[in-house]
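For what it's worth, this note's numbering labels the leading residue of the sequence shown as 8, then goes sequentially.
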Amino acid sequence: MQFKLILTLIGLCCALWAPGVSAQPNADSVLLDMQQAYKKGDGKRLSALLPRAEGHLLQPWAAYWELSARLSDASADEVQAFFAKYQGSYQEDRLRNEWLLLLGQRQDWASFAAVANDFRMNDDRDVRCYTLAMENSLASLNMANEVKAQWYAQKGQGEGCKLAAQIHFNAGHLSETDIWYKARLALDARQLTTAREVAAMVAPHASKALGDALNNPSGFVLKTPLSNQRLTQEMVVLALARWAETQPDSAAQGLSTRWAKHLTRAQRAWAWGAIGKQAAQKLSDDALGYFANAKPTAMSDEHLAWRARAALRQLQWGQALEAINAMRADTANDATWIYWRARARMQTDNSEAAQAQARGLLQSIAGVQGFYPMLAQEELGLPLLPPQPPAALTPQEKATAAAHPGLQRALAAIALGLRSEGVREWNYTTNLHQPGGMNDRELLAAADLACQNAVWDRCINTSERTRSVIDLTQRF
Numbered sequence: 008m009q010f011k012l013i014l015t016l017i018g019l020c021c022a023l024w025a026p027g028v029s030a031q032p033n034a035d036s037v038l039l040d041m042q043q044a045y046k047k048g049d050g051k052r053l054s055a056l057l058p059r060a061e062g063h064l065l066q067p068w069a070a071y072w073e074l075s076a077r078l079s080d081a082s083a084d085e086v087q088a089f090f091a092k093y094q095g096s097y098q099e100d101r102l103r104n105e106w107l108l109l110l111g112q113r114q115d116w117a118s119f120a121a122v123a124n125d126f127r128m129n130d131d132r133d134v135r136c137y138t139l140a141m142e143n144s145l146a147s148l149n150m151a152n153e154v155k156a157q158w159y160a161q162k163g164q165g166e167g168c169k170l171a172a173q174i175h176f177n178a179g180h181l182s183e184t185d186i187w188y189k190a191r192l193a194l195d196a197r198q199l200t201t202a203r204e205v206a207a208m209v210a211p212h213a214s215k216a217l218g219d220a221l222n223n224p225s226g227f228v229l230k231t232p233l234s235n236q237r238l239t240q241e242m243v244v245l246a247l248a249r250w251a252e253t254q255p256d257s258a259a260q261g262l263s264t265r266w267a268k269h270l271t272r273a274q275r276a277w278a279w280g281a282i283g284k285q286a287a288q289k290l291s292d293d294a295l296g297y298f299a300n301a302k303p304t305a306m307s308d309e310h311l312a313w314r315a316r317a318a319l320r321q322l323q324w325g326q327a328l329e330a331i332n333a334m335r336a337d338t339a340n341d342a343t344w345i346y347w348r349a350r351a352r353m354q355t356d357n358s359e360a361a362q363a364q365a366r367g368l369l370q371s372i373a374g375v376q377g378f379y380p381m382l383a384q385e386e387l388g389l390p391l392l393p394p395q396p397p398a399a400l401t402p403q404e405k406a407t408a409a410a411h412p413g414l415q416r417a418l419a420a421i422a423l424g425l426r427s428e429g430v431r432e433w434n435y436t437t438n439l440h441q442p443g444g445m446n447d448r449e450l451l452a453a454a455d456l457a458c459q460n461a462v463w464d465r466c467i468n469t470s471e472r473t474r475s476v477i478d479l480t481q482r483f
């Protein structure tokens with residue numbers, strides 16, 4: 008039985024590199040030429056080279072590059088033919104992603120709906136936002152909560168989430184407060200262009216004032232006439248956050264002496280959070296004092312994280328616990344903050360119930376896989392022992408991994424010098440092709456295949472994705 012499997016593996020390797028796989032002796036160079044043409048946007052060159060890639064193992068890449076380069080002019084029939092020919096491949100789903108973005112941009116909702124359910128990766132916030140925009144446009148569904156979740160989490164501002172936010176704002180499902188919050192998030196991430204675009208949704212005629220606030224924040228804060236008018240307030244909050252990036256102490260003085268009485272509680276909380284964050288990043292002992300000017304419950308998770316770090320640096324366990332307790336669930340449930348919440352609980356409450364609760368938190372993350380799990384293990388007094396190795400891979404498990412078309416293409420692309428393409432296809436195959444990604448045994452087999460081909464980063468990365476077992480021989 009093992010002899011048959013060995014012959015199968017040998018046959019697969021031979022098939023991968025056999026001359027008959029390529030229709031042309033120089034098909035490898037054709038693929039490399041097509042990659043360069045794609046990077047340059049040379050559609051004519053791609054179309055001319057495509058027939059010469061016929062039959063190559065990496066033909067799906069050639070076909071993807073050629074169609075992707077002219078997707079805006081392609082017909083729906085051409086796209087559907089590509090989906091059918093390369094069904095189940097990374098290239099099919101990658102093109103589907105691009106096609107959905109194009110259909111969403113066109114607001115061709117009928118075509119969008121026909122394709123969206125087949126999108127396997129589901130990792131593009133703009134695609135999801137186009138879906139939310141469609142549901143509101145066609146069925147008047149109020150999807151404001153998810154729109155905010157997607158939009159706020161997005162770095163910068165993609166067209167899909169921008170459209171979804173605009174549609175929901177126009178329908179009265181998003182408020183001006185929601186829009187200004189996104190503008191603050193963008194500025195907090197130093198995405199100035201996005202901050203300007205978002206602010207224009209509610210203040211289209213205030214671009215000059217916004218430019219003054221962002222380009223000369225100290226002057227704006229100190230010279231703008233005091234006012235309780237909403238637009239002025241929001242501009243001042245942005246200016247204070249911008250000023251704090253370079254001079255948090257001066258920004259704090261400008262807020263406390265000039266604008267504190269003219270901002271709402273939520274606006275003050277954001278401004279103090281932004282100032283405190285910048286001071287904490289500079290390791291200033293004044294950071295905690297700035298944070299203390301506003302309740303933690305009114306701050307963003309980013310500001311709360313820096314509030315907690317500043318408190319921990321000064322061993323202010325109570326303030327650290329207060330900040331962590333105010334975090335949203337998805338942030339607070341990270342192993343980092345579970346660990347520090349437990350430690351802070353232990354330090355601030357000696358009661359038996361509090362100590363038991365803290366130990367329970369530590370037990371929920373303790374282990375030998377990850378920095379904070381190991382710290383929790385140590386805090387509980389448990390030994391840090393090497394994990395039990397998993398059962399050895401069977402010949403059948405190895406053969407299944409070696410025969411996987413996605414893994415084959417990924418390795419072939421990397422070997423040819425198309426490293427970026429190979430890594431993307433590998434990651435898709437192991438993590439996104441099926442819901443939840445490969446199971447642990449499949450991941451170990453894929454990692455072993457990468458190891459055997461000396462693709463060490465994929466070997467280690469894939470092995471590190473296992474959930475319940477650890478193979479140290481693959482990772483180190």
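Where a beta carbon is used, it is the ideal one built from N, C-alpha and C, also for glycine. Source: prediction; values computed, not measured.
**Q.** C-beta contact flag for A333 and P303 at 9 angstroms
**A.** The count along the sequence shown starts at 1 and reaches residue 333 at position 326. The count along the sequence shown starts at 1 and reaches residue 303 at position 296. The answer is yes: Cβ separation under 9 angstroms.
Q. How many Å lie between A281 and R426 at the Cα?
A. Locating residue 281 in the sequence shown gives position 274, where the first residue counts as 1. Locating residue 426 in the sequence shown gives position 419, where the first residue counts as 1. Distance between the alpha carbons of A281 and R426 is about 40 angstroms.
Q: Taking only the alpha-carbon atoms, compute the straight-line gap between E61 and R416 and give it to the nearest angstrom.
A: Position 54 of the sequence shown, counted from the first residue, corresponds to residue 61. Position 409 of the sequence shown, counted from the first residue, corresponds to residue 416. Cα-Cα distance, rounded: 15 angstroms.
Q | Reduced DSSP category for L238 - H, G, I as helix; E, B as strand; rest coil | A | Working through the sequence shown from its first residue, we reach residue 238 at position 231. L238 falls in the helix class under three-state DSSP.
Q) Candidates P393, P402, G367: which alpha carbon is nearest L387's? A) Mapped onto the sequence shown, residue 387 falls at position 380. Nearest option by C-alpha distance: G367.
Q) Going along the chain, which residues of its own chain have a beta-carbon closer than 7 angstroms to the beta-carbon of I372, five neighbours each way excluded? A) As a working mapping, residue 372 is identified with position 365 in the sequence shown. Closer than 7 angstroms at Cβ, skipping near neighbours: A342, I345, Y346, Y379, P380, A383.
Q. Buried or exposed: where does P67 fall if 16 or more other Cβ atoms within 10 Å of its Cβ makes it buried?
A. Counting from 1 along the sequence shown, the entry for residue 67 is found at position 60. P67 comes out buried.
Q: Decide if K169 is buried, meaning its Cβ has at least 16 other Cβ atoms within 10 Å, or exposed.
A: Indexing the sequence shown from 1 puts residue 169 at position 162. By the neighbour-count rule (16 or more Cβ atoms within 10 Å), K169 is buried.
Q: Could you spell out where the alpha helix (DSSP H) holding Y297 opens and where it closes?
A: Your numbering for residue 297 matches position 290 in the sequence shown. Run containing Y297: 294-298, per the alpha helix (DSSP H) assignment.
Q: Could you check what DSSP says for A301 in three-state terms: helix, strand or coil?
A: The count along the sequence shown starts at 1 and reaches residue 301 at position 294. Residue state, collapsed to three classes: coil.
Q | R474 (DSSP reduced to helix, strand or coil) | A | Along the sequence shown, one-based indexing puts residue 474 at 467. In the structure shown, R474 sits in coil (DSSP, three-state: anything other than H, G, I, E or B).
Q) Within this structure, are the beta carbons of G95 and C136 separated by less than 9 angstroms? A) Within the sequence shown, the letter at position 88 stands for residue 95. Within the sequence shown, the letter at position 129 stands for residue 136. Not closer than 9 angstroms, so no.
Q: Closer than 8 angstroms by C-beta to S144: which residues in its own chain qualify, once you throw out the five before and the five after it? Chain order, please.
A: The residue given as residue 144 occupies position 137 in the sequence shown. Q114, W116, I174.
Q) What is the rounded straight-line gap between the Cα of A34 and the Cα of A453? A) In the sequence shown, counting from the first residue as 1, residue 34 sits at position 27. In the sequence shown, counting from the first residue as 1, residue 453 sits at position 446. Cα to Cα, the separation comes out at about 27 angstroms.
Q) If you draw a straight line from the C-alpha of Q364 to the C-alpha of R348, how long is it? A) Position 357 of the sequence shown, counted from the first residue, corresponds to residue 364. Position 341 of the sequence shown, counted from the first residue, corresponds to residue 348. Between Q364 and R348, the C-alpha separation is close to 10 angstroms.
Q) Q285 to R314, Cα distance in whole Å? A) One-based indexing of the sequence shown puts residue 285 at position 278. One-based indexing of the sequence shown puts residue 314 at position 307. Rounded to whole angstroms, Q285 to R314 spans 10 angstroms at the Cα level.
Q.
Classify F89: buried if its beta carbon has 16 or more other beta carbons within 10 angstroms, exposed otherwise.
A. By 1-based counting over the sequence shown, the position of residue 89 is 82. F89 comes out buried.
Q) With DSSP run on the structure shown, which of helix, strand or coil describes E252? A) Here the question's residue 252 lines up with position 245 in the sequence shown. E252: coil per DSSP, three-state reduction.
Q. Do S54 and E73 come within 9 angstroms of each other at the CB atom, strictly closer than that value?
A. On the sequence shown, position 66 is the one that residue 73 refers to. On the sequence shown, position 47 is the one that residue 54 refers to. Yes, the pair counts as a contact, with Cβ atoms nearer than the cut-off.
(Q) Taking the alpha-carbon of L108 as reference, which of D219, G296, M141, A399 has the nearest alpha-carbon? (A) For the purposes of this step, residue 108 is taken as the residue at position 101 of the sequence shown. Residue M141 is the option with its Cα nearest to L108.
Q: Less than 8 angstroms between the CB atoms is what I'm expecting for S263 and S225, so what's the real figure, rounded?
A: Translated into the one-based positions of the sequence shown, residue 263 becomes position 256. Translated into the one-based positions of the sequence shown, residue 225 becomes position 218. At roughly 15 angstroms, the Cβ-Cβ gap does not stay under 8 angstroms, so S263 and S225 are not in contact.
Q | Reduced DSSP secondary structure (H/G/I, E/B, other) of R316 | A | As a working mapping, residue 316 is identified with position 309 in the sequence shown. Helix.
Q. If you draw a straight line from the C-alpha of L423 to the C-alpha of A318, how long is it?
A. Against the sequence shown, residue 423 aligns to sequence position 416. Against the sequence shown, residue 318 aligns to sequence position 311. Computed Cα separation, rounded: 51 angstroms.
**Q.** Straight-line gap, M41 to L57 (C-alpha atoms, nearest Å)
**A.** The residue labelled residue 41 in the question sits at position 34 within the sequence shown. The residue labelled residue 57 in the question sits at position 50 within the sequence shown. M41 and L57: Cα-Cα distance of roughly 8 angstroms.
Q: May I ask you to report which of helix, strand or coil DSSP gives T401?
A: Taking the sequence shown and counting its residues from 1, one reaches residue 401 at position 394. T401 falls in the coil class under three-state DSSP.
Q: Can you tell me which of the three DSSP states M128 falls into?
A: Within the sequence shown, residue 128 is the residue found at index 121, counting from 1. Note: M128 maps to coil in three-state DSSP.
(Q) Please classify Q161 as buried or exposed, where buried requires at least 16 other C-beta atoms within 10 Å of its C-beta. (A) Taking the first residue of the sequence shown as position 1, residue 161 is located at position 154. It is buried - the Cβ of Q161 has at least 16 other Cβ atoms within 10 Å.
Q. Quick one: is the Cβ of A420 within less than 8 angstroms of any heavy atom of the ligand PLP?
A. Ligands in the displayed structure: none, and consequently the ligand PLP is not present.
Q) Can you give the beta carbon distance from V154 to L139, rounded, assuming they're within the 8 angstroms contact cut? A) The sequence position of residue 154 within the sequence shown is 147, counting from 1. The sequence position of residue 139 within the sequence shown is 132, counting from 1. The Cβ separation is near 5 angstroms, so the contact holds.
Q: Buried or exposed for V37, please, with buried defined as at least 16 other CB atoms from any protein chain shown within 10 angstroms of its CB.
A: Within the sequence shown, residue 37 is the residue found at index 30, counting from 1. V37 should be labelled buried.
**Q.** Per-residue DSSP class, three states only, for K51
**A.** As a first step, residue 51 must be located in the sequence shown, where it is residue number 44. The answer is helix: DSSP assigns K51 an H, G or I state.
(Q) For a minimum of 4 consecutive residues, which ranges assigned as the alpha helix (DSSP H) are wholly contained in the stretch 58-145? (A) 66-76, 83-92, 97-113, 116-123
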